[in-house]
Amino acid sequence: MKIVVCGYDDPVAKRLVAQVQQEYVARYGSEDETPTDPADFTAPLGHFVVGWLDGEPVACGGWRGHDGEPNFLDGDAELKRMYVAERARGRGLARALLADLERSALERGRRRMVLETGINQPEAIALYTSSGYLAIPKFGFYSGSETSRCYGKDLSGGLV
12 MKIVVCGYDD
22 PVAKRLVAQV
32 QQEYVARYGS
42 EDETPTDPAD
52 FTAPLGHFVV
62 GWLDGEPVAC
72 GGWRGHDGEP
82 NFLDGDAELK
92 RMYVAERARG
102 RGLARALLAD
112 LERSALERGR
122 RRMVLETGIN
132 QPEAIALYTS
142 SGYLAIPKFG
152 FYSGSETSRC
162 YGKDLSGGLV
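For the numbering used here, add 11 to where a residue sits in the sequence shown, where the first one is 1.
Written as structure tokens, this is what we have:
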């Protein structure tokens, strides 16, 4: 897979984000309503990528920095919109994408990657926990949801 930096509002990224939103509809009954602004994913405080396989966009993901905000530590990067199209799953692409996003966050001085996912995404939870993510207190738009789970990983290899 070739991973290419892409604007969150790029037409290719928008198509993939629409696909992940439909995945949320299928699993939870509605789209993710977490406020997102394309500017949040712009360097130096954010990053968004698209993964290409055989000339087709099949994956996306990004992170946005959080400093001085409630429920976040200075240096946090929040993972958002991690997605691999169904036709490309089972090939390790999500793990490669996650590693690329962690690397880019660390290169930009981010110290911890945090994320929110849900219990209806067991494959996401398995990916994150097998990649060194530990449960952390809930944060963000779904912090009061019984189906929400939050995880964090110290990007320098220390404790969350």
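Think of the CB as a built atom: it goes at the ideal place given N, C-alpha and C, for glycine as much as any other residue. Nothing here was measured: the structure is a model prediction, and the numbers come from that model.
Whole-angstrom Cβ separation of residue i and residue j, contact assumed at under 8 Å?
i, j, result
"GLY103", "LEU90", "The pair is not a contact, with the Cβ atoms about 18 Å apart (cut-off 8 Å)."
"ARG123", "LEU166", "6 Å"
"ALA88", "GLY76", "6 Å"
"SER142", "LEU117", "That belief does not hold up - the Cβ atoms of SER142 and LEU117 are roughly 14 Å apart, past 8 Å."
"GLY86", "ARG121", "6 Å"
Thinking C-alpha only, which one of the options is nearest residue i?
i, options, result
"GLU44", "VAL61, ALA54, GLN33 and PHE52", "GLN33"
"ALA135", "CYS161, ASP20, GLU42 and CYS17", "CYS161"
"ASP20", "SER41, LYS13 and PHE59", "PHE59"
"SER154", "LYS25, ARG98, ASP87 and ASN82", "ASN82"
"VAL69", "LEU27, GLU80, GLY101 and LYS149", "LEU27"
"TYR144", "ARG38, GLY163 and ILE14", "GLY163"
"ALA24", "ARG119, GLY101, TYR94 and TYR39", "TYR94"
"ALA99", "ASP65, PRO148, LEU84 and ARG114", "ASP65"
"CYS17", "ALA54, GLU157 and GLN30", "ALA54"
"VAL125", "GLU97, VAL15 and GLU113", "GLU113"
"GLU157", "LEU138, ASP48, THR128 and ALA107", "THR128"
"LEU138", "ASP51, ALA107 and SER159", "ALA107"
"ALA50", "TRP74, GLY86 and SER159", "TRP74"
"GLU67", "LYS13, GLY40 and PRO148", "LYS13"
"GLY62", "ALA105, GLU42 and PHE52", "ALA105"
"LEU84", "VAL15, PHE150, GLY168 and ASP111", "PHE150"
"VAL15", "ASP111, PRO46, TYR39 and THR140", "ASP111"
"GLN30", "GLU97, ASP48 and TYR39", "GLU97"
Who are residue i's beta bridge partners in DSSP?
i, result
"VAL16", "VAL60"
"SER159", "GLY129"
"ALA88", "GLY76 and MET124"
"TYR94", "CYS71"
Taking 7 Å as the cut-off, is the CB of residue i close to at least one heavy atom of the ligand PLP?
i, result
"ASP85", "With respect to the ligand PLP, the structure offers nothing, as it holds no ligand at all."
Would the segment 34-42 count as touching the segment 125-134 if we require 3 or more Cβ pairs under 8 Å? yes
Uninterrupted beta strand (DSSP E) stretches inside the segment 18-83 (no shorter than 3 residues): 57-64 and 67-77
Pick out the complete alpha helix (DSSP H) segments inside the segment 102-150, 4 residues or longer, and give them in chain order. 104-118 and 133-141
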